[in-house]
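Quick notes on the structure that follows.
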Amino acid sequence: MEEDSGALASDALARTLAEVGPRLKRLRTERGVTLAALASATGISKSTLSRLESGQRRPSLELLLPIAQAHQVPLDELVGAPEVGDPRVRLTPRTVHGNTTVLPLTRQPGPQQAFKMVLPADRSTPRPVTHEGYEWLYVLSGRLRLVLADHDLVLGAGEAAEFDTRLPHWFGTTGEGPVEVLSLFGRQGERMHVRARPRRGREPASA
Numbered sequence: 135m136e137e138d139s140g141a142l143a144s145d146a147l148a149r150t151l152a153e154v155g156p157r158l159k160r161l162r163t164e165r166g167v168t169l170a171a172l173a174s175a176t177g178i179s180k181s182t183l184s185r186l187e188s189g190q191r192r193p194s195l196e197l198l199l200p201i202a203q204a205h206q207v208p209l210d211e212l213v214g215a216p217e218v219g220d221p222r223v224r225l226t227p228r229t230v231h232g233n234t235t236v237l238p239l240t241r242q243p244g245p246q247q248a249f250k251m252v253l254p255a256d257r258s259t260p261r262p263v264t265h266e267g268y269e270w271l272y273v274l275s276g277r278l279r280l281v282l283a284d285h286d287l288v289l290g291a292g293e294a295a296e297f298d299t300r301l302p303h304w305f306g307t308t309g310e311g312p313v314e315v316l317s318l319f320g321r322q323g324e325r326m327h328v329r330a331r332p333r334r335g336r337e338p339a340s341a
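Be aware that the sequence shown starts at 135, since it is given in the numbering used here, and climbs by one per residue.
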C-alpha cells in the first residue's frame, strides 16, 4: 500500500512539473511579453526560459521565483493551475523599509513599472539615495515631502513631480500624517522636471 501511495505521489508531482512549462508560456504570451523582455527582467537567459516553457528544463525555485516576481504573480500561480476565466486582477501589497506599503500595479515586466505607495507619518527623516532611472510621482492624498538635490519641496494632493533618480533624492511625509502616492519608475534617466511648492520659502525648481 505504501508503494502504491508513493507511486501516486510521484505521478502527481511529475504531472505538476509537466504543466509548469505550458503555464509559463501561456502567462507570458497572454501578457504580450517577449522572451527577450522576460530575460532582461529576470536575468535568466532566453534559451533557459525557452527550455522551461517547452518542458526541456526542469523547473526549480531558483528559476521560478524571479519569473513570478517579474510577472507580479504568486509563485503558486506558476506551479498550480490558476482559475480559468477569472477576470480579477490579483494585486499583493508588500511592506518595504519596515513600514511603507507598496502595491505593484504593473502586471508585466518592462521598462516602466507602476506602484501605489502608502507612506506612514513617521517616514519623515530624509535619507537621500541615488540610482539609475527616472521617476514620476503623483500625490493622491496627504502632503509629500520631496528632497531632490538642493531642493526641499512639499507636494499636496493632485500635484506631481518628475526627476532623474541619478540625483540625490528622498521622499516621505512632512510628519503631519500618512501620504498616498502613485509612482511610475523607468530605467532610463531623463531631464528633471518638478512641479511643487517649495518648503521653507525656497524657490521652486525650474522646468
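Every residue, glycine too, gets a C-beta built ideally from N, C-alpha and C. Because the structure is a prediction, the values reported are computed rather than measured.
Query raised in the report: In the DSSP assignment, what are the bridge partners of residue 285?
Result: For the purposes of this step, residue 285 is taken as the residue at position 151 of the sequence shown. Note: residue 285 sits in a beta bridge opposite 282.
Report task. Identify which residue in 250, 234, 247, 174 has its Cα closest to the Cα of residue 256. Result -> For the purposes of this step, residue 256 is taken as the residue at position 122 of the sequence shown. The option with the nearest alpha carbon to residue 256 is 234.
Query raised in the report: Along the chain, where does the alpha helix (DSSP H) that runs through residue 200 open and close?
Result: Translated into positions along the sequence shown, residue 200 becomes position 66. Taken as a continuous stretch (DSSP letters only), the alpha helix (DSSP H) holding residue 200 covers 195 to 205.
**Report entry** Sub-8 Å separation of residue 314 and residue 236 beta-carbons
**Finding:** The count along the sequence shown starts at 1 and reaches residue 314 at position 180. The count along the sequence shown starts at 1 and reaches residue 236 at position 102. No, these two residues do not count as a Cβ contact at 8 Å.
Report task. Answer yes or no: do residue 169 and residue 188 have a C-beta to C-beta separation smaller than 8 Å? Result -> As a position in the sequence shown, residue 169 is number 35, starting the count at 1. As a position in the sequence shown, residue 188 is number 54, starting the count at 1. No. Outside cutoff.
Requested in this report: Just tell me which of 238, 260, 261 has its CA closest to the CA of residue 250.
Outcome: Counted from its first residue, the sequence shown places residue 250 at position 116. Nearest of 238, 260, 261 to residue 250, Cα basis: 238.
Query - Enclosing alpha helix (DSSP H) for residue 235 [first to last residue] - result: In the sequence shown, counting from the first residue as 1, residue 235 sits at position 101. Careful: residue 235 lies outside any alpha helix (DSSP H), inside the beta strand (DSSP E) at 234 to 238.
Query raised in the report: Got a sec, what are the start and stop residues for the beta strand (DSSP E) residue 317 sits in?
Result: The residue labelled residue 317 in the question sits at position 183 within the sequence shown. Start and end: 313 to 320.
Requested in this report: In the DSSP assignment, find the unbroken alpha helix (DSSP H) run with residue 170 in it and report its ends.
Outcome: To locate residue 170, count along the sequence shown from 1; it is residue 36. Its alpha helix (DSSP H) spans residues 169 to 176.
Query - Beta-carbon proximity of residue 197 to residue 209, cut-off 8 Å - result: In the sequence shown, counting from the first residue as 1, residue 197 sits at position 63. In the sequence shown, counting from the first residue as 1, residue 209 sits at position 75. Contact: no.
Query - Three-state secondary structure (DSSP) of residue 218 - result: Against the sequence shown, residue 218 aligns to sequence position 84. For residue 218, the predicted model reports a pLDDT of 43, less than 50, meaning its position is unreliable; a value from the coordinates is still stated below. In this structure, residue 218 counts as coil in the three-state DSSP scheme.
Query raised in the report: Apart from the five residues on each side of it in sequence, which residues of its chain come closer than 8 Å, Cβ to Cβ, to residue 151?
Result: Position 17 of the sequence shown, counted from the start, is the residue given in the question as residue 151. So the qualifying residues of the chain are 192, 193.
Query raised in the report: Which residues bound the alpha helix (DSSP H) around residue 183?
Result: Walking along the sequence shown from the start, residue 183 turns up at place 49. Note, residue 183: alpha helix (DSSP H), 180 to 188.
Query - residue 269 (DSSP reduced to helix, strand or coil) - result: If you number the sequence shown from 1, residue 269 lands on position 135. Correct three-state label for residue 269: strand.
Requested in this report: Output the distance between the C-alpha atoms of residue 301 and residue 264, rounded to the nearest integer angstrom.
Outcome: On the sequence shown, residue 301 is found 167 positions in, with the first residue counted as 1. On the sequence shown, residue 264 is found 130 positions in, with the first residue counted as 1. When rounded, the distance between both Cα atoms is 6 Å.
**Report entry** Span of the beta strand (DSSP E), counted from its first residue to its last, around residue 298
**Finding:** Walking along the sequence shown from the start, residue 298 turns up at place 164. That run of the beta strand (DSSP E) goes 294 to 298.
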